[in-house]
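The structure under discussion appears below in the form of structure tokens.
Protein chains: 2
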Amino acid sequence: MEPDRFKTLISEEGLKSTRQRAEILDIFLNSTGHRNLAEIHARVARMNPKIGYTTVYRTLKLLTRLGLAAERKFADGETRYEPTHKGTHHDHLICLGCGKIVEFEDDGLESLQNRIARGHGFRIFHHRMELYGYCSPCVRKKTPLRRKG
Amino acid sequence: MEPDRFKTLISEEGLKSTRQRAEILDIFLNSTGHRNLAEIHARVARMNPKIGYTTVYRTLKLLTRLGLAAERKFADGETRYEPTHKGTHHDHLICLGCGKIVEFEDDGLESLQNRIARGHGFRIFHHRMELYGYCSPCVRKKTPLRRKG
DNA sequence: CCCTTTTTGAAATTGAATTTCAATTTCATT
DNA sequence: AATGAAATTGAAATTCAATTTCAAAAAGGG
Chain C
1 MEPDRFKTLI SEEGLKSTRQ RAEILDIFLN STGHRNLAEI HARVARMNPK IGYTTVYRTL
61 KLLTRLGLAA ERKFADGETR YEPTHKGTHH DHLICLGCGK IVEFEDDGLE SLQNRIARGH
121 GFRIFHHRME LYGYCSPCVR KKTPLRRKG
Chain U
1 MEPDRFKTLI SEEGLKSTRQ RAEILDIFLN STGHRNLAEI HARVARMNPK IGYTTVYRTL
61 KLLTRLGLAA ERKFADGETR YEPTHKGTHH DHLICLGCGK IVEFEDDGLE SLQNRIARGH
121 GFRIFHHRME LYGYCSPCVR KKTPLRRKG
């Protein structure tokens, strides 16, 4: 995202554009997703040790409100953030061996969701689906350690 | 579950059968599921105010190990427990209006899961699926308050 | 009944999430 | 460029559920 577009977005919300916010956004958008706050803060602090944890926390919340970030909570309970620039909805495959998180998108899931909801008289707004298992390298290694979920 | 079967289960684990454990199990099995610890403890304390929060916590952990309870974490992040006496795997519909949690089971979901996993070279052990929306009374009332997830 | 081991429960601890508040920064307006 | 109100920052404090600690109490085999 270009700095100007961010400044515009920010000021449209009646908020102020600060160096910290710009730096955090930049680092966040240029890293792989599914990081927790401590990891994001560590990366930010490597670039600029003056930026505090709290500011990273608040900025990620802000980005979530602006639709630039999405909060995720997998089975280990930690809040993780992913950039939304890729666009649409997706779900996750999570490796219990190495912790790798793979995104997937599946249309069949959407229609299934609607069929189930109809059967129970629900009107669904969103869903969460996570598949927990072992990725092929971990299956091959047969070393299912470092489990977290 | 009959008291004797529980005593057997417990002693097979090399653990001791106590009044507290029996009371907590009894109350837990005879309530609707998806309660958090505070709620379960409140109910237990109504019957026997001497039983502490910690004991309820530890007993629910124990029941989970024994396969009598299952821990669930929905989008609000709180740990909830449900009795497993109903048997098999199921997923959840969660009303954002009134907080109601409805269980469902769907075979299509299982085959979908397998298809997705195969496509990514994963070997899946379990999944988590939650559908968030409004139940029909809440849709009708059009008062989507008390949201929690 | 005795003795060892387990369990209990209040209090302490942990750790992430969130809030507080004084100091600093932004930015619209001079 | 200077001013000042309002927003932001960041360290420290707080919250709150989850978990651990530890001394006292209870279980149950011998």
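Those sequence lines, one after another, are chains C and U. Under the working numbering, the first residue of the first sequence is numbered 1, with each subsequent residue one higher. Under the working numbering, the first residue of the second sequence is numbered 1, with each subsequent residue one higher. For glycine and all other residues, C-beta sits at the position ideal for the given N, C-alpha and C.
Asked	Found
Proximal residues, the stretch 113-140 of chain U versus chain C, C-beta separation under 7 Å	GLN113, ILE116, ALA117, HIS120, GLY121, PHE122, ARG123, ILE124, PHE125, HIS126, HIS127, ARG128, MET129, GLU130, LEU131, TYR132, GLY133, TYR134, CYS135, SER136 and VAL139
Environment of PHE125(C) [buried if 16+ CB atoms lie within 10 Å]	exposed
Candidates LYS16(C), GLU2(C), LEU60(C) and MET1(C), of which the one nearest THR79(C) by Cα	LEU60(C)
Supposed close pair ASP76(U), MET129(U) - CB separation, criterion 8 Å	Actually they do not touch by this definition, with Cβ atoms about 17 Å apart.
Cβ neighbours of ALA117(C) in the same chain (closer than 8 Å, five flanking residues each side left out)	ARG123 and ILE124
Cα-Cα separation between LEU9(U) and LEU112(U), rounded to whole angstroms	36 Å
Pairwise C-alpha distance: THR32(C) and ARG65(U)	36 Å
Same chain, Cβ closer than 8 Å to ARG72(C), five either side skipped, listed in chain order	HIS34, THR79, ARG80, TYR81, GLU82 and HIS92
CB contact check: ASP76(U) to chain C, cutoff 7 Å	no
Cβ neighbours of ARG147(C) in the same chain (closer than 6 Å, five flanking residues each side left out)	With a pLDDT of 48 at ARG147(C), under the threshold of 50, the modelled position of that residue is not reliable, and the figure given next carries that caveat. Around ARG147(C): LEU96.
Buried versus exposed call for ALA42(U) [16 or more other C-beta atoms within 10 Å across all chains shown]	exposed
Under 9 Å by beta carbon: chain U residues contacting GLY108(C)	GLY108, LEU112, ARG115 and ILE116
Sheet register partners of ILE166(C) (DSSP bridge)	The structure shown does not extend to residue 166(C), since chain C spans only 1 to 149, so no value can be given for it.
Nearest-angstrom Cα separation, counted from GLY67(C) out to ARG115(U)	31 Å
CB contact below 7 Å: VAL102(C) versus chain U	yes
Span of the beta strand (DSSP E), counted from its first residue to its last, around PHE6(C)	Run containing PHE6(C): none in the beta strand (DSSP E); it sits in the alpha helix (DSSP H), 3-12.
Per-residue contacts from LEU60(C) into chain U (C-beta, under 9 Å)	Near LEU60(C) there are no residues of chain U at all, since even the closest Cβ is about 16 Å away, more than 9 Å.
Closer than 8 Å at the beta carbon, the chain U residues around LEU96(C)	PHE125
Cβ separation of GLU105(C) and THR88(C), assumed to be a contact under 8 Å, to the nearest whole Å	7 Å
Chain-ordered neighbours of LYS73(C) on chain U, where CB pairs are closer than 8 Å	LYS73, ALA75 and GLY77
Spatially closest choice to TYR132(C) from LYS142(C), GLY121(C), ARG140(C) and LYS100(C), by CA coordinates	LYS100(C)
For ARG5(C) and HIS127(C), the rounded distance between their alpha carbons	30 Å
Complete beta strand (DSSP E) runs within the stretch 64-116 of chain C (minimum length 3 residues, chain order)	69-73, 79-83, 91-95 and 101-104
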